[in-house]
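The next block holds one structure in the form of structure tokens; read it before the comments.
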Ligand code: 3PG
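In UniProt numbering, the protein residues as written are 1 to 394.
Structure representation (structure tokens):
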């Protein structure tokens, strides 16, 4: 990326100067009328110049870093003398603070919605152990919400073509497998256990990237896999209600979601569908893929008996639980895709790990899940490993 800021004299150009997330520093390359440019770092809060300099225009500064990283153009114009640099810098700092607040809000919403989903999902699965149907209902609720939003113009419908849906297909297939597998896992074991195993997703990501895509990583990344794998193994070995289907479901979900992320990264490059609409299309396609399998695996006869039993045991509230798990599934995913629009994949993966901690802790409290100290230690080691991983990853 190349930004230039012109002043009558001297002229300044910034190269690779957009600060990374969390950094308040801006690096400018200043070219006086000397042959060799030199670099220095400026802190927006502390910058002072004897003579005011002027920035003409920086597109979307403090807005979406992702946009900037991918070729946003910072045009060079004649100096706009309307605002001195210090005022502009203040504005940038403010918009950076605003952006941080916005991301904080996204994260808080994402985690809360996810906790609520996990609680209702488990309540439903305890009373009505049909994970294929509940997975399908979650996708159906999301598809319905979005189709209504598009029809009523509450949300602008995306402009898609056949190529878009073709590219989306492998993503949707992986999303479907990962979703059903996680739900099957949660129908067999404690929510906390599923999420402890799911916290090892980075390990799957590294192994798939290494062995399938031939990507190499710094040593720190490989080392971070030791606590992730070791912590998960310790937790699994000491889990009081261990179940092989539950364990394998979470593992398959990890693998499927890694492929989902790889396919969506490859397929969506350069496409202009917003995070919200992208997730909506993903839900619709996943629903179409999943429905025939759901009918084949479970089927209306089993559902009818199960539904009556659940209604007798729980009462009419059971219907609200099903609605809550379906709607909250869509909402948390939608918010997570919307936040992915705003943040780097790294920040996203840290946010995802924090999300798992909130789910693990809240589900242990709500469902009174028995936890042995060594089991908790395993979970803590695994989660610490995912933090180390996110720091070590380039
Ligand atoms: C699902 O049902 O898809 C899983 O609960 C997803 O889990 P995750 O979004 O926390 O990875």
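All C-beta atoms in this analysis are idealised placements derived from N, C-alpha and C, irrespective of residue type, glycine included. Values in this document were obtained by computation on a predicted structure and should not be read as measured data.
Run through DSSP, which three-state label would residue 463 get? With the chain running from 1 to 394 in the structure shown, residue 463 is simply not present.
Going by the C-beta, is residue 317 closer than 8 Å to any heavy atom of the ligand 3PG? no
If contacts are defined as beta-carbon pairs under 8 Å, then residue 198 and residue 253 qualify, I think. What distance do you get, rounded to the angstrom? 6 Å
Who are the near neighbours of residue 188 in its chain, counting only those whose CB is closer than 6 Å to its CB and skipping five residues on each side? 243, 245 and 246
Going along the chain, which residues of its own chain have a beta-carbon closer than 6 Å to the beta-carbon of residue 146, five neighbours each way excluded? 280
Just the C-alpha distance for residue 306 and residue 337, rounded to the nearest angstrom, thanks. 34 Å
Could you check where the alpha helix (DSSP H) with residue 368 kicks off and where it finishes? Element bounds for residue 368: n/a, residue is neither H nor E.
Does the beta carbon of residue 128 fall short of 8 Å from some heavy atom of the ligand 3PG? no
What do you reckon, is the C-beta of residue 275 under 8 Å from a heavy atom of the ligand 3PG? no
Could you spell out the range, first to last residue, of the alpha helix (DSSP H) harbouring residue 220? 219–237
Collapsed DSSP secondary structure at residue 273 in the structure displayed: coil
Where residue 187 sits in the DSSP three-state scheme: helix
Can you tell me which of 153, 98, 312 and 379 puts its alpha carbon nearest to the alpha carbon of residue 359? 379
Let me confirm a value: residue 320 is counted as buried when at least 16 other C-beta atoms fall within 10 Å, else exposed. Which label applies? exposed
Go ahead and pull the three-state DSSP assignment for residue 67. In this prediction, residue 67 scores a pLDDT of 35, lower than 50, which makes its location untrustworthy; the coordinate-derived value is nonetheless stated afterwards. Looking at residue 67 - three-state DSSP - the assignment turns out to be helix.
Closer than 8 Å: residue 326 CB and nearest the ligand 3PG heavy atom: no
So residue 326 is in the alpha helix (DSSP H); what residue range does that whole segment cover? 317–342
Helix, strand or coil, according to DSSP, for residue 77 in the structure here? Low local confidence applies: a pLDDT of 28 at residue 77 is under 50, so the model's placement there is unreliable, with the coordinate-based value given in what follows. If DSSP states are grouped into helix, strand and coil, residue 77 belongs with coil.
Would the stretch 124–138 count as touching the stretch 283–295 if we require 3 or more Cβ pairs under 8 Å? yes
Check whether the Cβ of residue 266 lies closer than 8 Å to any heavy atom of the ligand 3PG, and answer yes or no. no
Report yes if the C-beta of residue 182 is less than 8 Å from at least one heavy atom of the ligand 3PG; otherwise report no. yes
Helix, strand or coil: how does DSSP classify residue 198 here? helix
Can you tell which of 169, 377, 141 and 264 has the C-alpha that lies nearest to the C-alpha of residue 325? 141
Touch check for the stretch 202–217 and the stretch 248–262: three-plus C-beta pairs under 8 Å? yes
Taking just the CA atoms, how far does residue 345 sit from residue 374? 32 Å
Looking at the secondary structure, which residues open and close the alpha helix (DSSP H) in which residue 313 lies? 300–314
Can you determine whether any heavy atom of the ligand 3PG sits closer than 8 Å to the C-beta of residue 178, and answer yes or no? yes
Closest to residue 136 by CA distance: which of 90, 351, 330 and 248 is it? 330
Taking 8 Å as the cut-off, is the beta-carbon of residue 333 closer than that to any non-hydrogen atom of the ligand 3PG? yes
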